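Once you know that position 30 of the sequence shown is 587 in the numbering used here, the rest is easy, because the numbers rise by one and skip nothing.
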Amino acid sequence: MLSAADLAVMKATQALALPSTCSIGRHVLSPDGMGGYSESWSTLTASVLCRLSPHSAPMEVIMAERYGGRQTWQLTLPAGTDVTADDRVTIDSVAYEVVGINSAGAWETARRVIVGRVT
Numbered sequence: 558m559l560s561a562a563d564l565a566v567m568k569a570t571q572a573l574a575l576p577s578t579c580s581i582g583r584h585v586l587s588p589d590g591m592g593g594y595s596e597s598w599s600t601l602t603a604s605v606l607c608r609l610s611p612h613s614a615p616m617e618v619i620m621a622e623r624y625g626g627r628q629t630w631q632l633t634l635p636a637g638t639d640v641t642a643d644d645r646v647t648i649d650s651v652a653y654e655v656v657g658i659n660s661a662g663a664w665e666t667a668r669r670v671i672v673g674r675v676t
């Protein structure tokens, strides 16, 4: 069983391996006054530590229907980062859609997110 102190050390070690930063954007619908909505992206969190790496796992087959078979990337964020499957992440002015989130449960030391570049 991991203690809270052990888990804190592991999270701190993971954070040392996050060399970049990103911002997380959330999809917002605002009433347009005519019964519809206008869509926009609102920055939820800026300057989040992260690491982006190529993703090549069987999960791509599962996600192909949603993402159209485009290349996906694995984004590593600090444990507990607020990110959903409907969010966008921007790294160095490049936007990525969140395609899936790998949850690690109670002993999460980093949040792993599968993203695809917005075209």
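By construction, the Cβ of each residue, glycine as well, lies at the ideal position given by its N, Cα and C atoms.
Fair warning: this is a prediction, and the values are worked out from it, not measured in the lab.
TODO: Tell me whether threonine 570 sits in a helix, a strand or coil according to DSSP, three-state version.
DONE: DSSP places threonine 570 in helix when its eight states are reduced to three.
- [ ] Could you pull out every residue in the same chain whose Cβ sits closer than 8 Å to the Cβ of aspartate 643, ignoring the five residues on either side in sequence?
- [x] Within the same chain, Arg583, His584 and Val655 come within 8 Å of aspartate 643 by CB-CB distance, once the 5 residues on both sides are set aside.
Task: The beta strand (DSSP E) enclosing threonine 602, as first and last residue numbers - done: For threonine 602, the enclosing beta strand (DSSP E) has its first and last residue at 594 to 611.
TODO: Report the three-state DSSP secondary structure of leucine 564 (helix, strand or coil).
DONE: In this structure, leucine 564 counts as helix in the three-state DSSP scheme.
Open item on the list: Between valine 585 and the ligand FAD, is there a pair consisting of the residue's CB and a ligand heavy atom that are separated by less than 7 Å?
Closed with: What this structure holds is no ligand at all, so the ligand FAD is not there to describe.
- [ ] Could you check the C-alpha separation between valine 670 and leucine 586 for me, to the nearest Å?
- [x] Looking at the two C-alpha atoms, the distance is approximately 24 Å.
TODO: Evaluate valine 651 with the Cβ neighbour count: other Cβ atoms within 10 Å of its Cβ, from every protein chain shown; 16 or more gives buried, anything less gives exposed.
DONE: A residue is called buried once 16 or more other Cβ atoms fall within 10 Å of its Cβ, and valine 651, having fewer, is exposed.
Open item on the list: Below 8 Å on the Cβ atoms is my contact criterion, and I expect aspartate 639 with threonine 666 to pass it. Report the Cβ-Cβ distance as a whole number of Å.
Closed with: That belief does not hold up - the Cβ atoms of aspartate 639 and threonine 666 are roughly 17 Å apart, past 8 Å.
Open item on the list: If the criterion is Cβ atoms closer than 8 Å, does the pair serine 560 and cysteine 607 meet it?
Closed with: The criterion of a C-beta distance shorter than 8 Å is not satisfied by serine 560 and cysteine 607.
Open item on the list: Could you tell me the alpha carbon to alpha carbon distance between lysine 568 and glycine 590, rounded to whole angstroms?
Closed with: One C-alpha to the other measures close to 46 Å.
Open item on the list: For alanine 636, list the residues DSSP reports as bridge partners.
Closed with: Secondary-structure assignment with DSSP links alanine 636 through no beta bridge to anything.
Task: For valine 655, the residue or residues it bridges with in DSSP - done: DSSP lists Val672 as the beta-bridge partner residues of valine 655.
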